[in-house]
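Contents: one structure, followed by commentary.
In my numbering, the protein residues as written are 5 to 469.
Next comes the structure, spelled out in structure tokens:
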């Protein structure tokens, strides 16, 4: 029966059943799902004008667009885009309508790449197919909507968050892909050197206090916090989180999803968590004064609290809390450390090329030219293994600000972020730029990558000079 069904779905004549090893079957599955950007392009190029025109009516004529056995071209196209994104390690798919076309882009290693340019008329069925999969209202095109899809590509389970917003030329759709089968990183895999791993390990094993992780959206803050929780997760420790959203589920940890529709906010959830006898609390983000005050109160009553802020560097997190209305003495009494981070792309090991950069680039990164005798620097090239980008994967650069007595005294004097940063560096803190320089010398990334993610760290006084 299974063989008959398979032949019917594939449109093949009836064939005898044959035996194959698990490895051979997996190789065949991987080949079938080898649907990269070129496959999607070829699929669309093969469609003639008549089949393109029929796509709009097919959305209405197909009884169940969730039926993966359907031969509707729009279903095949969406499946190709999802499979190609998974294969290319994309974190997001962007479907963007414009006046005369629809652009599809993948975000790979933090950078957006154009994948397809489709005729404008394809937009409505394409957006509708995604909205149906995410259980959204396809008739509502005037308001933003959020939904979720769970799919399986080859042997990988992928959770997809869908967001739609109305624009002048139609709904813009963004799909965020989360590979649920990928394992949570250990602290040693994050990109910290041995010294920083040792410092961070001591911090996350503190009996109480607040540890903040800062950086822009997409800088790896959640990954760092999950690695920290996994490191201290054991039967003797009660860990509870409140997140928006829950990106990965961790055995042994109670995880709560924020739901503003029923007034389950970070602040409200945090109030309830402290009544659950927790040892460690993770608050996905401190967005307002109320959440900050409850987090501080929790830390002062014997809990270890992890959370995030959106600031450019570690020192700026202190001034952000004060700007929220938190008294400086409460900051110094509760916060024990602040970790700032960025993600840089890793050079493709198969095609990276040694070279000598110009003196200005070396000086801006703080690298002495004499160091190049022992540490050759590399630049990107591009090959099939990295899809001609020159990079494959990402790692993080870090700075860890410890709130010791000298730093606390500066905070109590309401010193600005620059003064706090300068004092911390005098006391041995390696800032983001210096940590990036170290990874450049190690041959892990490029000077351009470090400049790309740290360029906003230049002070106003430096820019005026």
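Every residue, glycine too, gets a C-beta built ideally from N, C-alpha and C.
Is the number of C-beta pairs between the region 339-353 and the region 369-380 that are closer than 8 Å three or more?
-> no
Below 8 Å CB to CB, which residues in the same chain sit around residue 204 once its five sequence neighbours on both sides are set aside?
-> 191, 196, 232, 343 and 404
Should residue 202 go down as buried or exposed, given a rule of 16 or more other Cβ atoms within 10 Å for buried?
-> exposed
Hey, is residue 121's beta-carbon within less than 7 Å of any beta-carbon in chain D?
-> Chain labels in this structure do not include chain D; a single protein chain is all it has.
Excluding sequence positions up to five away, which residues of its chain have a Cβ less than 7 Å from the Cβ of residue 173?
-> 101, 102 and 103
Find the nearest neighbour of residue 81 within the set 111, 114, 442 and 127, judged by alpha-carbon distance.
-> 127
Tell me residue 382's beta-bridge partners as DSSP assigns them.
-> 358
Evaluate the contact criterion for the region 217-227 versus the region 313-323: three or more CB pairs, one atom per stretch, below 8 Å.
-> yes
With residue 149 as the anchor, note down where its beta strand (DSSP E) starts and where it stops.
-> 149-157
Which residues DSSP lists as bridging residue 310, in chain order | 215 and 286
Tell me whether residue 121 sits in a helix, a strand or coil according to DSSP, three-state version.
-> strand
Taking residue 341 as the reference, which of 245, 200 and 261 has the closest Cα?
-> 200
Under 8 Å Cβ to Cβ from residue 249, same chain only, skipping five residues before and after it: list those, please.
-> 165, 261 and 262
So the alpha helix (DSSP H) residue 235 belongs to, where does it begin and stop?
-> 225-236
Note the first and the last residue of the continuous alpha helix (DSSP H) segment covering residue 129.
-> 127-137
Span separating the alpha-carbon of residue 108 from that of residue 157 = 20 Å
Cβ contact check for the region 389-406 and the region 290-299: 3 or more pairs under 8 Å | no
Is it true that the CB of residue 330 sits closer than 7 Å to the CB of residue 296?
-> yes
Does the beta-carbon distance from residue 161 to residue 178 come in below 7 Å?
-> no
Coil, strand or helix - residue 253 by DSSP | coil
Identify whether residue 240 lies in helix, strand or coil by the three-state DSSP scheme.
-> coil
Is residue 202 helix, strand or coil by DSSP?
-> helix
With DSSP run on the structure shown, which of helix, strand or coil describes residue 337?
-> helix
Between the C-alpha atoms of residue 412 and residue 336, what's the straight-line distance to the nearest angstrom?
-> 6 Å
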